[in-house]
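Participant:
Here it is, written out as structure tokens:
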């Protein structure tokens, strides 16, 4: 590849990536691996986008319906080993892994966990760091 | 889609997804979005796999060179907004976001951060939760 010069200037880095200067509280990952996709994880991710945007929580550009001062990042991810029990959703830094998530579970996860800080026990299956 | 029955039995869930019974300490995500891929994030992810497997740290099946008792999960993810300063690497639950990561930075991140618990300051650009 073309050699890319390492940028040391922190102000320059924040210009190039405004999120580096943002105050992010949580990062939600939705698995879009093959098995999770088969149980409609794309719909689960879309549902998170709808719920988070409606509350002004999703960090991102206004023209995409997001909030430049939002506190939650939403990202898709590859397989995490929940292939037989998808869709998998992880909420960090809490370290909560949810299994068998459907789009209609998302409002509860956003309201209870993201807003009120109480993980949804009936769907939560793994906690990181483990014992 | 075909309706999938919700499984309530926790033992059955652990049979279907052994990771649900594992003791995971950290989850490393490497961005494989378009911009990060252009600066060889696939090589960065491979380097993490090599370093973690060599130390018996990567959770997974032995036939894939991983350790069923490993404590680190390695996953790719979609874009996080570090597109201009990739490759982006996130380490959770620590909440450390690294920018401008190259494959040859990976042994230091594994040794210093994953093994010794000291994030590599020269590459770390964002901490979650933010202030």
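Residue numbers (my numbering), protein chains in the order written: chain X, 11 to 141; chain U, 11 to 141.
No residue lacks a Cβ here, since even glycine has one placed at the ideal position from N, Cα and C.
Source: prediction; values computed, not measured.
#1: What is the rounded straight-line gap between the Cα of residue 90 of chain U and the Cα of residue 15 of chain U?
#2: When DSSP labels each residue in this structure, what does residue 58 of chain X get in the three-state scheme?
#3: Report the residue from X:107, X:105 and X:28 whose alpha carbon sits nearest the alpha carbon of residue 79 of chain X.
#4: If residue 82 of chain U sits next to residue 24 of chain U, beta carbons under 8 Å apart, how far is it from one beta carbon to the other, in whole angstroms?
#5: Pairs of beta-carbons, one from the stretch 62-73 of chain U and one from the stretch 55-69 of chain X, closer than 8 Å: are there three or more?
#6: Of all Cβ atoms in chain U, is any one closer than 7 Å to the Cβ of residue 33 of chain X?
#7: Is it buried or exposed for residue 55 of chain X, if we count other Cβ within 10 angstroms and need 16 for buried?
#8: Under three-state DSSP, which class holds residue 24 of chain X?
#9: Once you ignore the five residues that flank residue 113 of chain X on each side, which residues in its own chain have a CB closer than 8 Å to its CB?
#10: Please report the straight-line C-alpha distance between residue 74 of chain U and residue 65 of chain U, rounded to a whole angstrom.
#11: Go ahead and label residue 125 of chain U buried or exposed: buried means 16 or more other beta carbons lie within 10 angstroms of its beta carbon, across all protein chains shown.
#12: According to DSSP, is residue 86 of chain X part of a helix, a strand, or is it coil?
#13: Going by other Cβ atoms of all chains shown within 10 Å of its Cβ, with 16 needed for buried, is residue 94 of chain U buried or exposed?
#14: Going by DSSP in three states, residue 99 of chain X sits in which element: helix, strand or coil?
#15: At 7 Å on the CB atoms, spell out the chain U contacts of residue 94 of chain X, in chain order.
#16: Give me the DSSP bridge partner(s) of residue 92 of chain U.
#17: Is residue 114 of chain X helix, strand or coil by DSSP?
#18: Kindly identify the DSSP beta-bridge partner or partners of residue 37 of chain U.
#19: Comparing alpha-carbon positions, which option in X:127, X:100 and X:119 lies nearest residue 137 of chain X?
#20: Residues of chain U with a CB under 9 Å from the CB of residue 116 of chain X: which are they?
#21: Residue 76 of chain X to residue 63 of chain X, Cα distance in whole Å?
Facilitator: Let me lay it out:
#1: For the purposes of this step, residue 90 of chain U is taken as the residue at position 80 of the second chain. For the purposes of this step, residue 15 of chain U is taken as the residue at position 5 of the second chain. Taking the straight line joining both Cα atoms gives about 33 Å.
#2: Here residue 58 of chain X corresponds to residue number 48 of the first chain, with the count starting at 1. In the structure shown, residue 58 of chain X falls within a helical segment according to DSSP collapsed to helix, strand and coil.
#3: Working through the first chain from its first residue, we reach residue 79 of chain X at position 69. It is X:28.
#4: The sequence position of residue 82 of chain U within the second chain is 72, counting from 1. The sequence position of residue 24 of chain U within the second chain is 14, counting from 1. No, residue 82 of chain U and residue 24 of chain U are not in contact; Cβ-Cβ is about 19 Å, not under 8 Å.
#5: no
#6: The residue you call residue 33 of chain X lines up with position 23 of the first chain. Yes, its Cβ sits closer than 7 Å to a Cβ of chain U.
#7: Here residue 55 of chain X is taken as the residue at index 45 of the first chain, counted from 1. Buried: at least 16 other Cβ atoms inside 10 Å.
#8: Walking along the first chain from the start, residue 24 of chain X turns up at place 14. DSSP places residue 24 of chain X in helix when its eight states are reduced to three.
#9: The count along the first chain starts at 1 and reaches residue 113 of chain X at position 103. Result list for residue 113 of chain X: 50, 53, 54, 56 and 57, in chain order.
#10: For this step, residue 74 of chain U is matched to residue 64 along the second chain. For this step, residue 65 of chain U is matched to residue 55 along the second chain. Straight-line spacing of the CA atoms in residue 74 of chain U and residue 65 of chain U works out to 14 Å.
#11: Taking the second chain and counting its residues from 1, the one referred to as residue 125 of chain U is at position 115. Under this definition residue 125 of chain U is an exposed residue.
#12: Taking the first chain and counting its residues from 1, one reaches residue 86 of chain X at position 76. If DSSP states are grouped into helix, strand and coil, residue 86 of chain X belongs with the strands.
#13: Counting from one through the second chain, the residue named residue 94 of chain U turns up at place 84. The residue is exposed, with fewer than 16 neighbouring Cβ atoms inside 10 Å.
#14: As a working note, residue 99 of chain X is residue 89 in the first chain. Three-state DSSP puts residue 99 of chain X in a strand.
#15: Within the first chain, residue 94 of chain X is the residue found at index 84, counting from 1. 26 and 27, listed in chain order.
#16: Here the question's residue 92 of chain U lines up with position 82 in the second chain. Answer is none; residue 92 of chain U lacks a bridge partner.
#17: On the first chain, residue 114 of chain X is found 104 positions in, with the first residue counted as 1. Residue 114 of chain X: helix per DSSP, three-state reduction.
#18: Numbered from its first residue, the second chain carries residue 37 of chain U at position 27. Answer is U:83 and U:102, bridged to residue 37 of chain U.
#19: The residue labelled residue 137 of chain X in the question sits at position 127 within the first chain. With distances taken between Cα atoms, residue 137 of chain X lies closest to X:100.
#20: Locating residue 116 of chain X in the first chain gives position 106, where the first residue counts as 1. Chain U residues near residue 116 of chain X: none, gap ~15 Å exceeds 9 Å.
#21: Locating residue 76 of chain X in the first chain gives position 66, counting from the first residue. Locating residue 63 of chain X in the first chain gives position 53, counting from the first residue. Whole-angstrom Cα-Cα distance: 6 Å.
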